[in-house]
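Going letter by letter, the sequence shown gives residues 28 to 773 in our numbering.
The beta carbon of each residue, even a glycine, is placed where N, CA and C say it ideally should be.
Here is the structure we will look at.
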Amino acid sequence: MKTRSYKIEKGYPHPPGATCDEEGVNFSIYSEHADYVELLLFDKHDDLEPVLVLSTNRVEELTRPGKVESTVETSKGIETSKGIETSQEIETAEAPGIALNKTFHFWHVYIRGLKPGVHYAYRIGGPFDPSEGYRFDGGKVLIDPYSRGNNKTLWNREKACVSGDNLSTSMRSVVIDPSGYGWGNNSHITAEKVYEMPGIGEMLFGKNRLQKLNETIIYELHVGGFTRSPSSGVKAPGTFSGIIEKIPYLKELGITAVELMPVFDFDDTISPEGKRHYWGYDPICFFAPHSGYCKNPERGDHTKEFRDMVKALHKAGIEVILDVVFNHTAEGDHLGPFFSFKGIDNSIYYHLEPDRQYYSNYSGCGNTVNCNHPIPQKLIVDSLKYWTEEMDVDGFRFDQGSILSLDTDGKVMKYPPVIWQIELDDSLGYIKVIAEAWDAAALNQVGYFPGPRWAEWNGYYRDEIRRFVRGDPGLVGRVASRIAGSPDLYQSESRLPINSVNFVTCHDGFTLNDLVSYNYKHNEANGENNRDGTDNNLSWNCGVEGETEDPEIEALRERQIKNFTSILLLSVGVPMISMGDEVRRTQKGNNNAYCQDNETGWFDWDFVEINRDMFRFWKMMIDFRKRHTTILRPRYFTGKENERGLKDISWHGCKLNSPGWDDPYARALSFTMGEPGDEEDIHVMMNMYWGPLEFEIPGLRERNWYRTVDTFLPSPQDIAGAGEEVQVNGNSYPVQGRSIVVLISK
């Protein structure tokens, strides 16, 4: 075999990770308390032994010559992602004479001649003193926190939970060069669509691809579960590629953005009980796409396959928002595995209890990332920049976002650096940012996040709309606030309706079908004796627990789903739909399907035809929302009247201008949205009482009212398309029990 030498040079500390250039690869990793670092290079992703181990010591940069290099050879070729043998032969034993530089607390080396596609990992030695927070174990193989791709072919979680060598059962990172991808013209939305922000100029930031936030309709989906069912019929089920094949479905529905449940590489190890961490809220790395969603992870195609999906979605006019988990990792508590942060520098990366052998568990997942320490903070911001600039995503939803506000002692900060850096960083200035504004430790910060861009999952919206549609009395005032964009939460802070992400369901909890079919959770399949998952579902089964063939109960359930759909898409703010709700996807009453990588957690594509009428209702309500600017308003209502004497919003009960704010028994609410100019006014009547109620209708100047929605009616009479509305005569309209009627003026 022809051989050629690699040159081992001192390298440089920045940027962290494995960085490729035309001549080779630079490796850099941060560890403040390590005594030494070993870099391991592997010929193939499943090799049991490295072909090269490079050892560092505490040689400081200033004590070394300006250029330190050594030459090593190997008797094995290092295989790239394309299957091409790269330059040279490196001896398989350690090369102890190689002094790799350490600058500040960054350990780094440059390998001239190395190419992308190589698999690598680290071993890091240092003090093992859990009482001080130090957990170094020189036998543990660690992946790079900045890795762009990982391979888990050999991974055994149990072996990583005990001390000592786990080389033959470890994860491996992959050297990936993100440059050179052909994005083409990837700007699918014009600059005129960048959302306006009052008081700070006509447009907020300028990336011309972004939609107006007030025009955004989010569809939350699980990459694996969306197409993993055999009923999907895609060529590569459960992958990024599978989503591409289903873009026509998303386009037909009418959503404008997908919010992907976690795509950071995560540990989906099957437990002894047969459960798998299916949802993905257990990250192992903040830069690498999940290898399980790739067709060819062993070839290092992680970034390409993800980019292909983003490119196809953008071409279809659909934005990509990532659900990101920075609050914890899959390393768990003090009994959990070592594969990254714990072995790199445990005391830096995690919140620790006063007894520092234990982890603060604000996340409820065993550990909590120390987000506002400078190093984890840099890691988080670098990750966001990478996904924005290199992977071209359009925004982020921050899981348990309130943890981002904690200082290094776990206390809430007034000006948390990581949140403010995201808010103020120029390169992140145009993206959409959404917070889940609570955590597992009951810290609820809805309305807390700073600046005009931070939207929040509005848990108050979810809970109060659920209670109202269920039939709980005395809620009309709070429901009116939610429909109007929650001014009670945001307006006093000079924020806007677009800061509220409105939703009734999400991945966490019942599906919409199950919300109207079950009074109680049924999580027995999770193996925890039905103890897991919330008991506070605010659901109503309409008379029978679970599935039924009773036609009256089925009709009521369909009506309740349409009621939820109507309120969600008539509310000011940013609506979010959960995957499959539009076709009555069910989890059989499981409200915590985090471990159900099976038919329970998957989208059953047979439902698209079985429940075609429900899909039609969702599709047409989305279209109705898009056609009426008063619902899409970026600012709060002011009470201003239009040319027909209608205020931009006015509230009623069964009688006009008598909404019954203080009525503890009220279950009915009506409102009128007066559109400016020649646009259609909207009048909505909501009766959550079990019997029919007569609602007064406001008079119009030179116009008539037309019915476009009546959720009591069967399909296709339940909703009319543009130009197909039915004229309504008289001064009142009978709204049937548990029904919503929507009128427009012409």
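| Asked | Found |
| --- | --- |
| Out of Asp-294, Tyr-692, Asp-171, Lys-186, point me to the one whose CA is closest to Leu-502's CA. | Tyr-692 |
| Given a threshold of 16 other Cβ atoms within 10 Å of its Cβ, counted over all protein chains shown, does Lys-369 qualify as buried or as exposed? | buried |
| Any idea what DSSP makes of Gly-166, helix, strand or coil? | coil |
| When burial is assigned at 16 or more other CB atoms within 10 Å of the CB, is Ser-742 buried or exposed? | exposed |
| Can you name, in chain order, every residue of its own chain whose Cβ lies under 8 Å from the Cβ of Asp-360, other than the five neighbours on each side? | Tyr-385, Tyr-386, Asn-388, Gly-393, Asn-394 |
| Give me, in chain order, the residues of the same chain whose beta-carbon lies closer than 7 Å to that of Asn-183; leave out the 5 immediate sequence neighbours on both sides. | Thr-196 |
| Closest by CA to Asn-557, which one among Val-599, Gly-600, Asn-617? | Asn-617 |
| So, using beta-carbon positions, are Thr-738 and Ala-747 closer together than 8 Å? | no |
| Are the region 305–324 and the region 275–284 touching, with three or more C-beta to C-beta distances below 8 Å? | no |
| Relative to the alpha-carbon of Leu-727, which residue among Asn-178, Gln-763, Glu-668 has its alpha-carbon at the smallest distance? | Glu-668 |
| Using C-beta distances below 8 Å, list every residue in its chain close to Arg-788, excluding the 5 sequence neighbours before and after it, in chain order. | The chain is shown only over 28 to 773; residue 788 falls outside these bounds and no answer can be derived. |
| Do Val-711 and Ile-676 have their beta-carbon atoms positioned less than 8 Å apart in this structure? | no |
| If I measure Cβ to Cβ from Ala-284 and keep anything under 6 Å in the same chain, skipping five residues before and after, which residues do I get? | Thr-243, Ile-245, Glu-346, Ile-348 |
| Report the three-state DSSP secondary structure of Leu-379 (helix, strand or coil). | strand |
| Do you know offhand how far Gly-757's Cα is from Phe-722's? | 11 Å |
| Where do the N-terminal and C-terminal ends of the alpha helix (DSSP H) with Asn-540 fall, by residue? | 539–542 |
| Could you spell out the range, first to last residue, of the alpha helix (DSSP H) harbouring Lys-589? | 578–597 |
| Going by the beta-carbon positions, is the gap between Ile-709 and Val-769 smaller than 8 Å? | yes |
| Suppose the cutoff is 7 Å on Cβ atoms and the five residues either side in sequence are ignored; what does the same chain contact list for Lys-589 look like? | Phe-644, Thr-738, Asp-745 |
| Comparing alpha-carbon positions, which option in Thr-415, Val-337, Glu-332 lies nearest Asp-452? | Thr-415 |
| Can you find the residues in the same chain that come closer than 6 Å, C-beta to C-beta, to Lys-262, ignoring five residues on each side of it along the sequence? | none |
| Quick test of the definition: if touching needs 3 or more C-beta pairs under 8 Å, does the region 36–51 touch the region 171–178? | yes |
| Please determine, among Lys-773, Ala-507, Asp-335, the residue with the shortest C-alpha to C-alpha distance to Trp-210. | Asp-335 |
| Can you name, in chain order, every residue of its own chain whose Cβ lies under 8 Å from the Cβ of Gly-573, other than the five neighbours on each side? | Ser-544, Tyr-545, His-549, Lys-615, Gly-616 |
| Keeping to the same chain, check which residues put their C-beta closer than 8 Å to that of Thr-665; ignore five residues upstream and five downstream. | Asp-675 |
| Rounded to whole angstroms, what's the CA-CA distance from Gly-504 to Thr-254? Just pull it up for me. | 41 Å |
| Looking at Glu-483: is its Cβ nearer than 8 Å to the Cβ of Val-506? | no |
| Given 8 Å as the limit, is there contact between the region 146–158 and the region 62–75, that is, 3 or more CB pairs closer than that? | yes |
| Which one of Asn-619, Trp-688, Pro-324, Val-337 has the shortest CA to CA distance from Asp-562? | Asn-619 |
| What residues match up with Trp-484 in a beta bridge as DSSP calls it? | Val-528 |
| When you compare the CB positions of Phe-313 and Phe-291, do they come within less than 8 Å of one another, or not? | yes |
| Alpha carbon to alpha carbon, what distance is there between Leu-79 and Asp-372? | 24 Å |
| Kindly indicate which three-state DSSP category Tyr-63 falls into: helix, strand or coil? | strand |
| Apart from the five residues on each side of it in sequence, which residues of its chain come closer than 6 Å, Cβ to Cβ, to Gly-600? | Gly-512, Pro-524, Ser-527, Asn-529 |
| Give the straight-line distance between the Cα atoms of Ile-724 and Pro-661, rounded to the nearest whole angstrom. | 27 Å |
| Can you check which of these residues, Phe-495, Arg-494, Tyr-488, Gln-448, is closest to Phe-476 by C-alpha distance? | Gln-448 |
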